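Below is one structure, written out as structure tokens, with a few remarks after it.
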Amino acid sequence: MNNGCKEEREKSGLDMDTTKILTENHGHTLRFRYKYRKYTVTCNVPMTVQERLQTDFSFKAICKINQKGGKKELVIQREQMPRGAVTPNFPCCLLNDDELLDISFISSGGNSGRVKTPNFTVLLPEHLVSFYIKTRGNTNIRMLMKNKELKRTVDHVCVYAVKGETVKVALKRDGRFNGVIFKKGVLCEEETENIMNLSNLVDHLDGKQFQVKVSLYQTGSQESSQEMSQDFETVKDEKSEVPEPPQEKKPNEDSTKAQEKKTETPLKEQKTRKYPETKEIPNTQEILNLLRAQHGDLLKTLKEREKLKNNVDVKRFFRQEYDKSAQSFSEVKRVRRLIKLSDSVCQIRMNGSGIGTGFLLFRRFVLTNAHVVGDLFPCTTKLKHNLTAAFGFEDLNSVGEVIPVKEDVVAFLKGKDDMGKYLDFALLDREEH
């Protein structure tokens, strides 16, 4: 077993116990929040997140109260989407400057493992990457994290790694995953759904998000059937997934060739068909990350509410709902109502160019997004740019009825409220006309 660990270190190209980072200009700040109260900590020496937080008297007092008796485990959750929880030995230089960390405590549980304090080695920041893994595996996996309370607290964990080492080495050092993942687990990238074995290098994983799935093939040492049955839950066994075709009379050769010609033509058309090139919508990464973070919970809620068993049922449900919506637009009464409601929609413009949409709430107040209007002048509620609201436009390039917006904003928030929920809105007051 010791020889195996030694080989793992050799494959990584670096010591497994590496967390400290050498930087010439390391100075930055980080914040942490506990029960809606925020604290600021400065950092000018390379060290781990917990080491840095331990220099703050308030943090030490909070830990002392909550971890009395050793029955509580510290959870440090990042502000950056998808809000992954880091280990206490996470390098602080991988955090964003002035990033807010949410501090909480969960029951340690008999199954959870403590992260061992590593033997530090100084590294350059270019040698490090970090990536995210969902705390819940796919439908085939019952227990992914050692501490079952962790998946109830956070949706993702943030794992750091050293370039040149394998995913397996990084996950083992992280210490929060059940051992069975190293025998039968693979990573599935959430965005592309590409499958990656744990033997792959971590060099190009920075910022990516993954979910653990059960590999169709053996990835490590052979485990007992009893161990696999305890840690993995298969929705369908192999026989049900690949049903035996019913025995039928073999069709004659002519009909078979005719069928092959029919299926061959669409395949050729599919290969030669050209699809329009897609372009990324600018300034939407933050919203995209929020939607991705919420997708899992929304899908779970939908399945529970509509009693859907799998993703196929979800697709069927949305098709049925879409048909109902399309049918409702054929009703004259509903169409007239929608046309009337569309009068409340406006286009927010800067220097005559559209930058976003808004909605007339009541009287002269227009609701839009805070990122649309941009930043305000410091310590004021005044807009930095002159904006107008265009009503009654038929398309994006039409003029419509253009009304100036007052420079003083009625309400504005781009960030988290006191409850920790992310909000992005601006309430504008249009000029009288």
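Per the numbering used here, the very first residue in the sequence shown carries number 812; after that it's consecutive.
For every residue, glycine included, the Cβ atom is placed at its ideal position computed from N, Cα and C.
Remember, predicted model here, so these are calculated numbers, not experimental data.
Exposure label - residue i; buried when at least 16 CB within 10 Å
{"i": "P857", "result": "buried"}
{"i": "P936", "result": "exposed"}
{"i": "Y1251", "result": "Here the chain covers residues 812 to 1244 and nothing more, so residue 1251 does not appear."}
{"i": "R984", "result": "buried"}
{"i": "A872", "result": "exposed"}
{"i": "I1150", "result": "exposed"}
{"i": "C903", "result": "buried"}
{"i": "N958", "result": "buried"}
{"i": "V1216", "result": "buried"}
{"i": "R1241", "result": "buried"}
{"i": "C1190", "result": "exposed"}
{"i": "S1164", "result": "exposed"}
{"i": "L1152", "result": "exposed"}
{"i": "A1181", "result": "buried"}
{"i": "F988", "result": "buried"}
{"i": "S1250", "result": "Residue 1250 is absent from the model: the chain starts at 812 and stops at 1244."}
{"i": "F1021", "result": "buried"}
{"i": "V1221", "result": "exposed"}
{"i": "D913", "result": "buried"}
{"i": "L982", "result": "buried"}
{"i": "G1169", "result": "buried"}
{"i": "L1099", "result": "exposed"}
{"i": "T1112", "result": "exposed"}
{"i": "E1132", "result": "exposed"}
Sequence-distant residues of the same chain with beta carbon closer than 8 Å to residue i, five excluded per side
{"i": "V852", "result": "T840, L841, R842, F843, R863, L864, T866, D867, F870"}
{"i": "D1017", "result": "V940, S941, F942"}
{"i": "F916", "result": "N877, Q878, K883, E884, L885, V886"}
{"i": "Y850", "result": "R842, F843, R844, D867, S869, F870"}
{"i": "V997", "result": "I1006, M1007, N1008, L1009, V1023, K1024, V1025, S1026, T1030"}
{"i": "G1107", "result": "K945, R947, D966"}
{"i": "L1187", "result": "K1193, L1194, K1195, V1220, F1223"}
{"i": "K1126", "result": "none"}
DSSP state of residue i mapped onto helix, strand, coil
{"i": "G1107", "result": "helix"}
{"i": "E1242", "result": "coil"}
{"i": "D913", "result": "strand"}
{"i": "S1010", "result": "coil"}
{"i": "T1112", "result": "helix"}
{"i": "C854", "result": "strand"}
{"i": "D1235", "result": "strand"}
{"i": "R844", "result": "strand"}
{"i": "D1219", "result": "strand"}
{"i": "V980", "result": "helix"}
{"i": "P936", "result": "helix"}
{"i": "S1153", "result": "helix"}
{"i": "V1184", "result": "helix"}
{"i": "K1118", "result": "coil"}
{"i": "L1224", "result": "strand"}
{"i": "R1130", "result": "helix"}
{"i": "M1230", "result": "coil"}
{"i": "T859", "result": "strand"}
{"i": "K994", "result": "helix"}
{"i": "Q878", "result": "coil"}
{"i": "L1198", "result": "strand"}
{"i": "E1004", "result": "coil"}
{"i": "Q1276", "result": "This structure does not reach residue 1276, given that the chain is present from 812 up to 1244, and the question cannot be answered."}
{"i": "C903", "result": "helix"}
{"i": "S1026", "result": "coil"}
{"i": "T964", "result": "helix"}
{"i": "S1164", "result": "strand"}
{"i": "K974", "result": "coil"}
Residues of its chain near residue i, where Cβ-Cβ distance is below 6 Å and the 5 sequence neighbours each way are ignored
{"i": "R894", "result": "Q888"}
{"i": "D909", "result": "T840"}
{"i": "R947", "result": "K962"}
{"i": "N1162", "result": "none"}
{"i": "E890", "result": "E910, L911"}
Cβ-Cβ distance between residue i and residue j below 8 Å
{"i": "M892", "j": "L1101", "result": "yes"}
{"i": "N779", "j": "V973", "result": "Given that the chain is displayed from residue 812 to residue 1244, the structure contains no residue 779 and the question cannot be resolved."}
{"i": "L911", "j": "Y971", "result": "no"}
{"i": "D1235", "j": "K1227", "result": "no"}
{"i": "C969", "j": "V897", "result": "yes"}
{"i": "L1239", "j": "T1199", "result": "no"}
{"i": "A1201", "j": "E1218", "result": "no"}
Closer than 7 Å: residue i CB and nearest the ligand SAH heavy atom
{"i": "E1132", "result": "As far as ligands go, the structure on display features none, and thus does not contain the ligand SAH."}
Own chain, CB closer than 7 Å to residue i, minus 5 neighbours either side, in chain order
{"i": "L1171", "result": "S1155, C1157, V1177"}
{"i": "I1166", "result": "I1159, R1160, V1183"}
{"i": "G1185", "result": "K1195, H1196"}
At least three beta-carbon pairs within less than 8 Å, the segment 998 to 1010 to the segment 957 to 973: Inter-segment contact for the segment 998 to 1010 and the segment 957 to 973 is absent: fewer than three beta-carbon pairs are separated by less than 8 Å.
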